[in-house]
Amino acid sequence: MADEIKQEAPKNFKVTIDNITIEVTPGTSILNAARQIGGDVTPPAMCYYSSLKGSGGKCRSCLVEVSAGSAADPRPMPKLVASCRTNVMDGMVIKNMTSDRVKDARAGVVEFLLLNHPLDCPVCDQAGECHLQDLGYEHGKEGTRYEFKRRTFEKEDIGPYIQLHMNRCILCYRCTFVADQITNQRVHGVLDRGDHSEISTYISKAIDNDFSGNMIDVCPVGALTDKTFRFKNRVWFTKPVDAHRDCDKCCGKVTLWNRGDDVLRVTSRKNEWGEVQQFDGKPGWICNECRFDKKHINDWTIEGPTQISRHSVISQGHYLGLQKPKETVAEVMGGRSPKLLMDIHDISDVNTVDLSALPGPATGANFEKKEQQ
Ligand code: SF4
Ligand code: FES
Numbered sequence: 000m001a002d003e004i005k006q007e008a009p010k011n012f013k014v015t016i017d018n019i020t021i022e023v024t025p026g027t028s029i030l031n032a033a034r035q036i037g038g039d040v041t042p043p044a045m046c047y048y049s050s051l052k053g054s055g056g057k058c059r060s061c062l063v064e065v066s067a068g069s070a071a072d073p074r075p076m077p078k079l080v081a082s083c084r085t086n087v088m089d090g091m092v093i094k095n096m097t098s099d100r101v102k103d104a105r106a107g108v109v110e111f112l113l114l115n116h117p118l119d120c121p122v123c124d125q126a127g128e129c130h131l132q133d134l135g136y137e138h139g140k141e142g143t144r145y146e147f148k149r150r151t152f153e154k155e156d157i158g159p160y161i162q163l164h165m166n167r168c169i170l171c172y173r174c175t176f177v178a179d180q181i182t183n184q185r186v187h188g189v190l191d192r193g194d195h196s197e198i199s200t201y202i203s204k205a206i207d208n209d210f211s212g213n214m215i216d217v218c219p220v221g222a223l224t225d226k227t228f229r230f231k232n233r234v235w236f237t238k239p240v241d242a243h244r245d246c247d248k249c250c251g252k253v254t255l256w257n258r259g260d261d262v263l264r265v266t267s268r269k270n271e272w273g274e275v276q277q278f279d280g281k282p283g284w285i286c287n288e289c290r291f292d293k294k295h296i297n298d299w300t301i302e303g304p305t306q307i308s309r310h311s312v313i314s315q316g317h318y319l320g321l322q323k324p325k326e327t328v329a330e331v332m333g334g335r336s337p338k339l340l341m342d343i344h345d346i347s348d349v350n351t352v353d354l355s356a357l358p359g360p361a362t363g364a365n366f367e368k369k370e371q372q
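Right, dumping it as structure tokens:
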């Protein structure tokens, strides 16, 4: 027993975010630590995408305040930091929604992202699942101080499947990371600097690749949309179901967006952060054949309805997995039905008074029982 080698478990870091303390493994970013808590504690992320290496650090929507850097050095960090690019330290104290500085900075980031982004949500196919729309509603202000003409770009045809709408691009770089890391070669990227920056015209060459459709899924706004679905339906009128098929190129696990038996759109499955789900530890990217060519319900084995957050506009009319609040009255009454608790007629003549016969407005005195009058 004495010579048994004791392996020390790696020490976790204690981190406090919005007054909630959790333990995370060293190397975890503040954003991912907050995601482990979930809810409003989690900063929004427009450019970070956990399955894409190198993503993050571009949009600043995930800014947080570090009010204590670590247990060893508890000084606050003077500037707000990008939570997707800053790792936690042991004893770090972070403020997200509890910081007025963060709220103010985030409203500024929204205003900045919307400088050139057209407010064409009523005609945009991304409406209902647009991260910028959500960010604007949750963290933005109703006005803008920008008075100049928004920048516009020539419409560019990038093939039969994907529509590029450069005016809506927020330059998050996610699509270039997809082309870089999932397709065979990247031939597009962000060209130029400042307000001349744009996704390069060579994006059309990246579209030939079998996995190029995943650029649509990662785009947080409506800059890259599915041409086979555009203007066919609003996403909240469709019924999403999980389905799979045997595919030799990809995992074959998808979400079908149906109207009746018509498959209007096929996408990869998303998790609660709007990112592609992991299967067997790998991101479940899907190939273009599954996405664009398998549009018949018989091509797929249906698994069941997709779980959509009931706060999402997509779940309008079909609340899946809805949990009704617990009936506690019957429980505390030893199983007796609540209606046995009180008979209104025992205490009031509320249903027997002819209101039209009263000389004026009814008062409590009109409903008192006769014997009490
Ligand atoms: S096209 Fe979409 S994914 Fe690509 S950089 Fe622009 S906003 Fe990001
Ligand atoms: S999500 Fe962190 S900077 Fe964009």
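Numbering (numbering that gives the first Met the number 0), first residue to last: 0 to 372. The beta-carbon is built from N, C-alpha and C at its ideal position, and this holds for glycine as well.
In this structure, the ligand FES has no non-hydrogen atom nearer than 8 Å to the beta-carbon of K78.
One thing to note: M88 has its Cβ within 9 Å of the Cβ of G68. Look at Y47: its beta carbon is at least 8 Å from all of the heavy atoms in the ligand SF4. L51 and Q180 have their alpha carbons spaced roughly 7 Å apart. By the beta-carbon neighbour count (other beta carbons within 10 angstroms, threshold 16), G139 is buried. Per DSSP, reduced to three states, the secondary structure at S267 is strand. The segment 218–226 and the segment 247–260 do not touch, with fewer than 3 CB-CB distances between them shorter than 8 Å.
Membership of E64 in any alpha helix (DSSP H) is not indicated; the residue belongs instead to the beta strand (DSSP E) covering 62–67. One alpha carbon belongs to G273, the other to P43, and they sit about 11 Å apart. Listed as beta-bridge partners of H138 by DSSP are no residues whatsoever.
Per DSSP, the beta-bridge partners of S28 are N86.
With fewer than 16 other beta carbons inside 10 angstroms of its own, K248 counts as exposed.
Nearest C-alpha to M91 among V63, L113, V101, D103: V63. The C-beta of F12 has 16 or more other C-beta atoms within 10 Å across all chains shown, which makes the residue buried. Looking from the CA of E153, the closest CA among D39, G251, Q162 belongs to Q162. DSSP, reduced to helix, strand and coil, places H164 outside both helices and strands of the structure shown, so it counts as coil. Residue environment analysis places T143 among the exposed positions, since fewer than 16 neighbouring C-beta atoms fall within 10 angstroms of its C-beta. K293 counts as buried, since no fewer than 16 other beta carbons sit within 10 angstroms of its beta carbon. Residue nearest to R59 within the set T20, S82, S49 is S82 (criterion: CA-CA distance).
The beta carbon of R229 sits closer than 7 Å to those of D124, Q162, all from its chain and outside the five residues before and after it, given in chain order.
K94 and E110 have their alpha carbons spaced roughly 22 Å apart. For Q180, the secondary structure class from DSSP, reduced to helix, strand or coil, is helix. For the set W284, V262, L263, D298, the Cα lying nearest the Cα of N270 is the one of W284. In this structure, DSSP gives M214 a helical state, which the three-state scheme calls helix. Remark: the shortest separation between the CB of S60 and any heavy atom of the ligand FES falls under 8 Å. The closest CA to that of N208, considering only N287, D133, I215, is found on N287. Relative to the ligand SF4, the beta carbon of C171 is positioned inside 8 Å of a heavy atom. Short note on K57: C-beta closer than 8 Å to some heavy atom of the ligand FES. Sequence-distant partners of P75 (beyond 5 residues in either direction) whose C-beta falls short of 8 Å from its own C-beta, in its chain, are E64, V65, S66, A67, G68.
Taking the C-beta atoms as reference points, C61 is found nearer than 9 Å to Y47.
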